Each structure stands twice: as structure tokens, then as C-alpha cells.
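Participant: Protein chains in written order, with this note's numbering: chain A, -9 to 283; chain B, 17 to 293. Just so you know, even glycine gets a beta-carbon here, dropped at the ideal spot from N, CA and C. As the structure is a computational prediction, the values presented were derived from the model and not from experiment. Structure provided below as C-alpha cells; questions to follow.
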Amino acid sequence: MDKILRNRKAVLVFLLPALLVYVFTVLAPILWSMYFSFFSWDGVSDMVYIGLDNYTKMFGGDKTFWKAFGNNLIYVFIIVAMQVFLGLVVAILLTSITKGRELFKTLYFAPAIITSVAIAQLFTSVYSFEPVGMLNFILQQLGLGAWSKPWLSDLKWALGAVSVPEGWRYIGLYMIILYTALLSIPSDIEEAARIDGASSWDLFWSIKMPLIKPVLTVSIIMATTGALKGFDIPYLMTNGGPGRVTELLPTYMYKTAFSSLDFGYGSAMAVFIVIESLIAVAFIRRMMESKET
Amino acid sequence: MNYSRYSKAILAIISFALLIIQVYPLVWVFISSFKAPTDFSSSNPLSLPSKFTFENYLSVWRKGNLGTYFSNSLIVAVTTIALVILFSAMAAFVIEKMRFKWTQSVLFLFLCGIMIPIQVVLIPLFILYNKTGIINTLTSLILPQVGFALPISIYLFVSFYKYISNEIMEAAVMDGCGIYQVFWRMIFPLSRNTIVTVVVMNLIFIWNEFIFANTFIHDLSSRTLPVGLMDYIGQYGLTDWGATYAAISITTIPTMLVYFIFNKSVISGMTAGATKG
């Protein structure tokens, strides 16, 4: 038995296909990206080694980079608030509802399975001003017609308008993760607290929240890293415009590489997106842990 | 939880309102796809069609080249998923069941992939595929999607294999099975439920994939549905609203069907993949 399980040749046969594809499409490209980021290259002429120039340009002189970085932070904030906060609210609601939980879960989750191209188009028509879209129409019906505006071309509102669809599509995902965490709390803990006279809200804040904190941390990390690499929906809805008000780092990186054909600078930004995600994860973990003490 | 009747009513109202916000836009697209062009010039976007017409669907099918996009998407999805299932089931078998020194490091290496943003591989892969000439072919979509689907799929298979006891493998070996037979005749068929989860979860991601398809494919004949849909909207979306909604409905219906038939597997797969990140 042991000999059969130690069969070296079988290990290779089983492992190599996955390992080869994975290394060549996921791991090695990261190293290549780092390598490219030290060059100036348009993909056609010779690569020119320029050391850290791409990085000094990125951090020093590029206003669009910092604009996109700032936009990205707002984008992350709106999405995390929608996905984790609203997801948690719905999860709590579901634990208190007895009828139709399964149906609710299935329907809440439905937006998560639709292609971002369709979601981008759906929200473009929701925000539409002329012909009047769903949002502006509802505002008018509520007597708030003065608030109606072309959301996606409004300099003040476009970034918010572009963030909402991404938040919206995955509320159901976080709702289910948090709901599962709430359900896994043993009911005798709840009973004991009740006997001690705890109200439902006491119970929630001082018992349930601490118990689901690990899951909450993971959810915040997922929502944050997901939003940091957010690309499809802003790219499709506004392509960074009007001006640069909805430009995010991934859309800027994409345009730099594939429209301006500046592969070196694009790679530097891609590397920055990875590092930024890693820092965000470390930061969130630190923050959630320190709250405990 | 035992809230008072009053707060229970409020909870029910809020959850119902949120449900409408989550679901109504999808229903609305579907309803709007049956509207006649004159219905869009009226000022009420929420109205029902004055009469149901299939004209939009016919016009999309005539103008939109959807047949080609649909079959490209199908080829990419089926090939990618077949490779993902095969490769991840085999790799997970080594990691969980075989005696091999580096299993934990290999597993760790794969799980790192869950964290990696797609953007970082776009430029190198574009250059590599350009040089090797597979740019503009469906292979350029299949390879990276297999790569990015492997981490979560391997994780799902590894967690399932934990429940298969070594005794039944030993019994099979006593009966004269070699290592390949143990895998093919016993372990692989036993993992049917995990296979279903991996299939439906990946099917939805792959069917909807946009960035690779938008970057690596420039020929009309190799486009997949999401990029085809984007082109259609870019070309006709401002003039033909009804047809645009019909095009969205056509691309969405396959994933919706899969979802409503297998919703438990879809949800468990996507949340498992998610919570690992």
C-alpha cells in the first residue's frame, strides 16, 4: 500500500498537468510583469532598460495615477459598505424570518451569476436621463424630480454611480456567507444569554458579532481586494470618464498597456495593484484583531 | 431570533424591499425585451409592453452574429471545464492521498493563486500569446482560465478527499488495483458531488468571462458571448433598446437555467471559493 502511494512516476503524472498550466498562466506572468516594469517598451521596438523610472514616474509625476488611486479608495469604500454591511443586514433579517428563507437566498444571489457586460448595460439604462431611466423616473414619481440627472456624466455623481452596480451584484454572496456564520452559532449560547435577561440587540452586539468576527474579517478582505481589482463595470459603463472622474487603477493600467501601448508602465501599475492588495489584507487583519483588545 | 412583533414587521418590510432591489432590474430587462419600439418613446420605463412581441429576438439573431459567439463560448466553457476537472482532481489526489514530501508546499502554491488579480498576468500573457501565435484563438482563452480556476477547484477536491478513508483504498489495492485504477475506478467516481459543484461554479465564471476575451481576441469569428454582447450594445444599443434587452436576455438565460437547477451547488461552490480567499 505504502509503496503504491509513494509511486514517484504516478505523482508526476497526476500533478504535472495542473502545475504546468498554473505556473505558465498564473505564477510566471507575475515575475514577467515585475521584469517588464523596469523597461520602456511599446511591444514592437526594442525593450529599453530604464531601471526604476516607471516607478518614479508613477509615484512622482503622474497626476492621473494619484487621481485613479483616490477614486479607487472611494470605490472600495462604497462596495465594501454595500456588500458587507447590507449583506450582514439581510443575513440578520433572514435569521429572523421563518418562511421562504430558501427562496429569499436563491433570489438575492441571482445578480451574482450575470455577466458584467449585461450588468453594465442594465445600470446604464437605469441611470439614463434621456430617455428617462428607471432611477430618474422613480425620483420624478416621488416628487423628487429636481434630483434627477444624467448620473453617469455628472462629474460629482459618476464615481458613485459606477460603484453601485459592483456592490449590488454581490450583496447576495456576502449575505449567504454571513448568514451561514450566524446559523452556526450554537443555540444554547443564545438560550443562556436570554435566561440572563439579554435583549435581542444585546445578544447580537455582545455575543453574535464577536462570534462571527472571523467570517466578517474574511468578508471585508474579499470585498476590498475584489474592489481594488474592479475593472469590468467601470470600463464598460464610462471607460474612466467623464474626464478622469471614474478612472480606477485597473482601468488606467489597461488603457496604458493596450491603448497607449506602454507595456513597461502598465506592468509597473499591475505590480502596484498586487502590492496594494497585499497591504490592504495585512491592514484589515491588523485592524480587526486590534479591535478585540 | 425572537424580536417583538413590531420589529419583525419592519424586518420583513426591509428584506422585501431589498429583495425587490436585487431582483426587479433582472425581471425588468426580461420584460423590456418584449416591448415594441414605440413603447420606449413613452416616458414610463416601468410600464409593461403594450403588446408582447418577439421581433426583438429575431432582430438580434439576424444582426448580432450570436450563433457564432454562442458556439465559441460553449467550446471554451466545455474544454476549460473538462481540463479543470481532470487536472484538479488528479492534483488534489496527490496532495491529499499520496505520500509525497512536498504536498503541503504544492497546496500552498496553488492556494496563493486565489489572491492573484487577473490584471497582473494580462500584459505578459498578451506578449507570450502574440509571440507563439495563439492570440486570437480560443486556446488563448482556455489556457489562462484553466490556470485561474485550478486553485479553488483543487481546494474543493482536497476538502472532499479528506472524507475518503484510506481503508477503502487499501481494500482496493488488496484486490489488485494499481494507483491509476484506484484513482479512476474509485476516487474519481466517488467525487461526483464535488465534480458537479466545480462544474457549475466554473461554468458561470467562464461563461461570463470578459477581460481575457476582450484582450486576447480581435477576430469577430473567435469572439465569445460577453464581448459579442458588448459590441452589439456599442453598435445598436443607442438606437434599438428592445433588441439590446433581448440580447442581454439571450446571454443571461443559460446561466439562469443552470443556476435555478443547481442553485445549491452554485452557491456552495462560490462561497467556498470566496471564503478561502
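Going by the DSSP bridge assignment, what does V38/A pair with across the sheet?
Facilitator: Within the first sequence, residue 38/A is the residue found at index 48, counting from 1. Answer is S30/A, bridged to V38/A.
Participant: Would you mind telling me which residues of chain B sit closer than 8 Å to S267/A, beta carbon to beta carbon, in chain order?
Facilitator: Along the first sequence, read from residue 1 onward, the residue named residue 267/A stands at position 277. Those are M131, P133, listed as they occur along chain B.
Participant: Do you know how far the Cα of F204/B is from the Cα of K113/B?
Facilitator: As a first step, residue 113/B is located in the second sequence; it is residue number 97 there, counting from the start. As a first step, residue 204/B is located in the second sequence; it is residue number 188 there, counting from the start. Near 13 Å, if we compare the C-alpha coordinates of F204/B and K113/B.
Participant: Note down, in chain order, all residues in the stretch 235 to 257 of chain B with a beta-carbon under 8 Å from any beta-carbon belonging to chain A.
Facilitator: Result list: L241, P242, V243, L245, M246, I249, G253, W257.
Participant: Residues of chain A with a CB under 8 Å from the CB of I30/B: which are they?
Facilitator: Translated into positions along the second sequence, residue 30/B becomes position 14. Listed along chain A, the residues sitting closer than 8 Å to I30/B by beta-carbon distance are V79, L83.
Participant: So, does the CB of L273/B fall closer than 8 Å to a CB anywhere in chain A?
Facilitator: By one-based count along the second sequence, residue 273/B stands at place 257. False, the Cβ-Cβ gap to chain A never drops below 8 Å.
Participant: When you compare only the Cα positions, how much space is there between K24/B and S86/A?
Facilitator: To locate residue 24/B, count along the second sequence from 1; it is residue 8. To locate residue 86/A, count along the first sequence from 1; it is residue 96. Between K24/B and S86/A, the C-alpha separation is close to 8 Å.
Participant: Apply the 10 Å Cβ neighbour rule to S281/B and answer buried if 16 or more other Cβ atoms are within range, or exposed otherwise.
Facilitator: Counted from its first residue, the second sequence places residue 281/B at position 265. Flag for S281/B reads buried.
Participant: Using a cut-off of 7 Å between C-beta atoms, extract the partners of G123/A located in chain B.
Facilitator: Taking the first sequence and counting its residues from 1, one reaches residue 123/A at position 133. Chain B residues near G123/A: P61.
Participant: Using the C-alpha atoms, what's the distance from L10/A back to V3/A?
Facilitator: On the first sequence, position 13 is the one that residue 3/A refers to. On the first sequence, position 20 is the one that residue 10/A refers to. Straight-line Cα distance between these residues: approximately 11 Å.
Participant: In angstroms with no decimal places, state the Cα-to-Cα distance between V152/A and T236/A.
Facilitator: Numbered from 1 along the first sequence, position 162 holds the residue referred to as residue 152/A. Numbered from 1 along the first sequence, position 246 holds the residue referred to as residue 236/A. Cα-Cα distance, rounded: 7 Å.
Participant: At 8 Å on the CB atoms, spell out the chain A contacts of Q12/B, in chain order.
Facilitator: Here chain B has residues from 17 to 293 only, and residue 12/B is not among them.
Participant: For Y169/A and I180/B, I'd like the C-alpha separation in whole angstroms.
Facilitator: The residue given as residue 169/A occupies position 179 in the first sequence. The residue given as residue 180/B occupies position 164 in the second sequence. Between Y169/A and I180/B, the C-alpha separation is close to 29 Å.
Participant: Tell me, please, whether the CB atom of A183/A is closer than 8 Å to any CB atom in chain B?
Facilitator: Position 193 of the first sequence holds residue 183/A. It does not: the Cβ of A183/A has no partner Cβ on chain B nearer than 8 Å.
Participant: Residues of chain A with CB under 8 Å from I170/B, in chain order?
Facilitator: Within the second sequence, the letter at position 154 stands for residue 170/B. Chain A residues near I170/B: A8.
Participant: How many angstroms separate the CA atom of T84/B from the CA atom of V110/B?
Facilitator: Along the second sequence, read from residue 1 onward, the residue named residue 84/B stands at position 68. Along the second sequence, read from residue 1 onward, the residue named residue 110/B stands at position 94. When rounded, the distance between both Cα atoms is 39 Å.
Participant: Identify the contact partners of T260/B in chain A, using a Cβ-Cβ distance below 9 Å as the criterion.
Facilitator: Position 244 of the second sequence, counting from 1, holds the residue named residue 260/B. Simply Q111, S115.
Participant: Alpha carbon to alpha carbon, what distance is there between F103/B and V39/B?
Facilitator: Position 23 of the second sequence, counting from 1, holds the residue named residue 39/B. Position 87 of the second sequence, counting from 1, holds the residue named residue 103/B. So the two alpha carbons sit approximately 36 Å from each other.
Participant: With a CB to CB cut of under 7 Å and the five nearest residues on each side skipped, what residues in its chain are close to Y145/B?
Facilitator: Residue mapping note: residue 145/B aligns to position 129 of the second sequence, counting from 1. The residues are I151, S156, F232.
Participant: Counting contacts by CB-CB distance shorter than 8 Å, is F278/B in contact with chain A?
Facilitator: On the second sequence, position 262 is the one that residue 278/B refers to. No, because no Cβ of chain A sits closer than 8 Å to the Cβ of F278/B.
Participant: Which term fits Y22/B, buried or exposed, when burial requires 16 or more other beta carbons within 10 angstroms of its beta carbon?
Facilitator: Working through the second sequence from its first residue, we reach residue 22/B at position 6. With fewer than 16 other Cβ atoms within 10 Å, it is exposed.
Participant: Can you look up V76/B in the DSSP assignment and give me helix, strand or coil?
Facilitator: Position 60 of the second sequence, counted from the first residue, corresponds to residue 76/B. Three-state result, V76/B: helix.
Participant: Got a sec? Which residues, its chain only, sit under 8 Å from A52/B by beta carbon, not counting five neighbours each side?
Facilitator: Locating residue 52/B in the second sequence gives position 36, counting from the first residue. These residues qualify, in order along the chain: P65, S66, K67, T69, E71, G258.
Participant: Determine whether the beta carbon atoms of P155/A and F127/A lie at a separation below 8 Å.
Facilitator: Numbered from 1 along the first sequence, position 165 holds the residue referred to as residue 155/A. Numbered from 1 along the first sequence, position 137 holds the residue referred to as residue 127/A. For P155/A and F127/A, no; Cβs fall outside 8 Å.
Participant: Which ranges does the alpha helix (DSSP H) cover as unbroken runs of at least 4 residues, wholly within the stretch 85 to 166 of chain A, from first to last along the chain?
Facilitator: 91 to 99, 106 to 117, 124 to 131, 148 to 159
Participant: Helix, strand or coil for S190/A, going by three-state DSSP, please let me know.
Facilitator: Residue mapping note: residue 190/A aligns to position 200 of the first sequence, counting from 1. DSSP places S190/A in helix when its eight states are reduced to three.
Participant: Beta carbon of L42/B, beta carbon of I91/B: below 8 Å?
Facilitator: Counting from 1 along the second sequence, the entry for residue 42/B is found at position 26. Counting from 1 along the second sequence, the entry for residue 91/B is found at position 75. Their beta carbons are not under 8 Å apart, which means L42/B does not touch I91/B by this criterion.
Participant: Can you tell me the Cβ-Cβ gap for A108/A and T267/B, rounded? I've got them flagged as a contact below 8 Å.
Facilitator: Position 118 of the first sequence, counted from the first residue, corresponds to residue 108/A. Position 251 of the second sequence, counted from the first residue, corresponds to residue 267/B. Sure, about 6 Å apart at Cβ, within 8 Å.
Participant: Taking all protein chains shown into account, decide if I249/B is buried (16 or more other Cβ within 10 angstroms of its Cβ) or exposed.
Facilitator: Along the second sequence, one-based indexing puts residue 249/B at 233. With 16 or more other Cβ atoms from the protein chains shown falling within 10 Å of its own Cβ, I249/B counts as buried.
Participant: Listed in chain order, which residues of the stretch 209 to 236 of chain A have Cβ atoms closer than 9 Å to some Cβ of chain B?
Facilitator: S209, I211, M212, T215, G216, L218, K219, F221, D222, Y225, L226
Participant: Just the Cα atoms here: how many angstroms apart are A188/B and I211/B?
Facilitator: One-based indexing of the second sequence puts residue 188/B at position 172. One-based indexing of the second sequence puts residue 211/B at position 195. If you take the alpha carbons of A188/B and I211/B, they lie about 22 Å apart.
Participant: Using 8 Å as the cut-off, can you tell me whether the stretch 176 to 183 of chain A makes contact with the stretch 248 to 267 of chain A, which would need three or more C-beta pairs spanning the two stretches below that distance?
Facilitator: no
Participant: In three-state DSSP terms, what is C128/B?
Facilitator: Locating residue 128/B in the second sequence gives position 112, counting from the first residue. DSSP places C128/B in helix when its eight states are reduced to three.
Participant: If I'm right that T213/B touches L172/B with Cβ under 8 Å, what's the distance once you round it to whole angstroms?
Facilitator: Here residue 213/B corresponds to residue number 197 of the second sequence, with the count starting at 1. Here residue 172/B corresponds to residue number 156 of the second sequence, with the count starting at 1. The pair is a contact, with the Cβ atoms about 6 Å apart (cut-off 8 Å).
Participant: On a Cα-Cα basis, can you pick out the residue from T241/A, T54/A, K89/A, M48/A that is closest to I223/A?
Facilitator: In the first sequence, the residue the question calls residue 223/A occupies position 233. Comparing Cα positions, the closest option is T241/A.
Participant: Under three-state DSSP, which class holds T210/B?
Facilitator: Mapped onto the second sequence, residue 210/B falls at position 194. Helix, per DSSP.
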